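Numbering-wise (my numbering), the sequence shown opens with residue 79 and increments by one.
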Amino acid sequence: MKTLKKAQPHDAPVQAARPQSGIWGITGWWRRLYGYYQRLRSLRRGRKALMSLDTARLRDIGLTRDDLPYKDERR
79 MKTLKKAQPH
89 DAPVQAARPQ
99 SGIWGITGWW
109 RRLYGYYQRL
119 RSLRRGRKAL
129 MSLDTARLRD
139 IGLTRDDLPY
149 KDERR
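What follows is the structure, given as structure tokens:
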């Protein structure tokens, strides 16, 4: 008669890799696009926050308008 042994953590089933084509390829593409979109939104929010600060506040954090890497749209 065989005895059953307790399952160990290393005995966990191995999941198969998802194929790169088909539905998973499309989903991955959308995920990358959404991630890129979120990154752009985050950068835009940061830029808008810096642009909303007056010169004295920028000086408090050690920046000037010339240090900002984009055009000052308020001028």
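Glycine residues also receive a C-beta, built at the ideal position from the N, C-alpha and C atoms. From a predicted model like this one, the values you see are computed outputs, not experimental measurements.
#1: Tell me which residue opens and which closes the alpha helix (DSSP H) that Asp-132 is part of.
#2: Alpha carbon to alpha carbon, how far is Gln-116 from Arg-109?
#3: To the nearest angstrom, report how far apart Leu-141 and Leu-128 are at their CA atoms.
Taking the coordinates as given:
#1: Counting along the chain, Asp-132 sits inside no alpha helix (DSSP H), nor does DSSP assign it H or E at all.
#2: Their backbone Cα atoms lie some 10 Å apart in a straight line.
#3: If you draw a straight line from the Cα of Leu-141 to the Cα of Leu-128, it comes to about 10 Å.
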